[in-house]
Structures are given as C-alpha cells and as structure tokens.
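J.:
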Amino acid sequence: MQDPSDRELLKTIASQRRDLAPEVSAAFQAFQSKVFAEGALGSKTKQIIAVAVAHVTQCQQCIQSHTRAALRAGATPQELMEAVWVAAEMRAGGAYAHSNVMLAAINEEQSTQGDQECRS
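For the sequence shown, counting from 1, position 32 maps to 569 in our numbering; every step adds exactly one.
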C-alpha cells in the first residue's frame with residue numbers, strides 16, 4: 538500500500554490516474570471542486586465534515602489532505618477531534634441500530650421453534 542505521507546509518490550500516482558482516464562479524472566476534479574466550493578456550508582464546515590467522514594471510510598490520504606485543508610480554512614484541532622468523535626459515535630450507532638435486525642431474526646426463530654414444540 539502507498540504511504541499517504543509520500544507526496545511525491547502521490548503526485549506520480551495522480552498523474553498516472555489522469556493519463557489513464559483523462560475525461561473521468563477531469564470530471565471527478567470538477568465534481569470535487571464544486572462540492573467543496575462555498576455554498577450554504579462554508580469551506581471550514583465542509584472540510585470538518587470531510588475529516589469526519591474520512592475516518593469512517595478509513596481513507597488515510599483523505600484524512601491527511603482534508604485535515605490540512607480544514608486547518609487552513611480555520612478549523613481548530615479541537616473542532617476536528619470533536620467531529621471525529623461524532624463520526625465514531627455514528628459508526629457505532631449504526632451497529633447498535635442494526636441489532637434490531639438480529640433481534641427480529643432471533644424472535645422469529647424462537648417463535649418458529651416454539652410453534653414446532655407445540656406441535657410435537
């Protein structure tokens with residue numbers, strides 16, 4: 538795996554990516570620029586969100602680049618850490634919420650087993 542801190546390697550890979558699919562690469566770059574442009578949410582807020590999401594998606598390169606961008610946009614280390622904790626809670630919360638699926642399966646299975654025991 539590439540070292541996300543090796544900027545020269547990342548530049549080489551980005552160039553290779555553009556060379557292999559120039560139209561798609563240009564479209565993605567335009568999409569990325571539009572997403573992070575000032576809008577209803579400011580640049581600082583968008584970069585803080587990106588840092589939090591990058592932790593959930595576990596993209597090391599994204600974490601590094603968006604952390605730097607967030608700091609340049611005025612985010613504080615405390616804001617970034619709090620956003621990461623929110624992302625961690627949401628990820629854990631998803632697992633907790635999906636326990637409903639497991640519990641429904643348990644209840645259904647136990648109900649089916651109970652019905653079979655009654656018929657025996």
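Where is the CB? At the ideal position from N, CA and C, for every residue including glycine.
Leaving out the 5 sequence neighbours to the left and right, which residues in its chain are closer than 8 Å to S542 when beta-carbon positions are compared?
T.: Contacts found: Q601.
J.: Check for me: the alpha helix (DSSP H) holding S570 runs from which residue to which?
T.: Counting along the chain, the alpha helix (DSSP H) containing S570 begins and ends at 559-572.
J.: Please report the Cβ distance between A612 and Q584, rounded to the nearest whole angstrom; I am assuming they are in contact, meaning their Cβ atoms lie under 8 Å.
T.: Indeed they touch by this definition, with Cβ atoms about 6 Å apart.
J.: According to DSSP, simplified to helix, strand and coil, what is G579?
T.: Of the three classes helix, strand and coil, the one that applies to G579 here is coil, per DSSP.
J.: Return the first residue and the last residue of the alpha helix (DSSP H) that S542 is part of.
T.: Element bounds for S542: n/a, residue is neither H nor E.
J.: Thinking C-alpha only, which one of A567, R628, G576 is nearest Q595?
T.: Comparing Cα positions, the closest option is R628.
J.: Could you tell me the alpha carbon to alpha carbon distance between G651 and S580, rounded to whole angstroms?
T.: Straight-line Cα distance between these residues: approximately 58 Å.
J.: Could you compute how far the alpha carbon of E626 sits from the alpha carbon of H592?
T.: Whole-angstrom Cα-Cα distance: 12 Å.
J.: Expressed to the nearest angstrom, what Euclidean distance is found between the alpha-carbon atoms of S552 and A558?
T.: Approximately 10 Å between the Cα atoms of the pair.
J.: Work out the CA separation of G630 and E645 for me, nearest whole Å.
T.: Computed Cα separation, rounded: 24 Å.
J.: Unbroken alpha helix (DSSP H) runs of length 4 or more, entirely within the segment 583-647: which are they?
T.: Complete alpha helix (DSSP H) runs here, min 4: 597-609, 614-634.
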